[in-house]
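In the numbering used here, the protein residues as written are 13 to 227.
Given below as structure tokens:
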């Protein structure tokens, strides 16, 4: 009896092969599923990174387009400014030329005014000195200048400088000499005929002589 019990206990327990194979297949499927899940997760990460990059690229492209548009607008404004600047430069040069012309006219006006003042002073002195009238002093300036220079060339001393710039000084010196009795002879114009191309002078105490003028 005891021997039979021991034999039963020593007998190996039968193993269920179908159950073990099912557990092994489940573990393999689970491992495969986990691997697939990891692969999908990696793919999703790559796709998500790619989408983010694409979004950033789209934003940068939009900014680039705006920058191009702004650059084109600035180029147009710059072109307009360049044209406006060139126009202003031309106006400045034109105004500068006009200003120089006006300055020259003003200088000529003052020179002419000084000449007229000198001529008026000479006219007054000659009228006060000579009892005879002097003709054609109210004519054009060039004719008056030539006539006065012709008259004074006869009246002045040989060492006196010629030209209207020296008329007043020479007359003052000669008048001072005359007042002191330092001049031996005095020549006074009698008449002046410019249209007839002839100037007539008379010297005190001498006969009247004529002098032709060259035109």
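The beta-carbon is built from N, C-alpha and C at its ideal position, and this holds for glycine as well.
| Item | Value |
| --- | --- |
| Residue 178 in three-state terms, based on DSSP | At residue 178 the pLDDT is 49, less than 50, meaning the model places this residue with poor confidence; the figure from the coordinates comes in the next sentence. Here residue 178 sits in helix by DSSP. |
| Distance, residue 111 Cα to residue 126 Cα | 22 Å |
| Rounded separation between residue 68 and residue 58 - CA only | 15 Å |
| Length-filtered (3 minimum) beta strand (DSSP E) runs lying within the stretch 117-143 | none |
| Straight-line gap, residue 80 to residue 86 (C-alpha atoms, nearest Å) | 10 Å |
| Between the CA atoms of residue 60 and residue 75 - distance to the nearest angstrom | 23 Å |
| Pairwise C-alpha distance: residue 91 and residue 120 | 44 Å |
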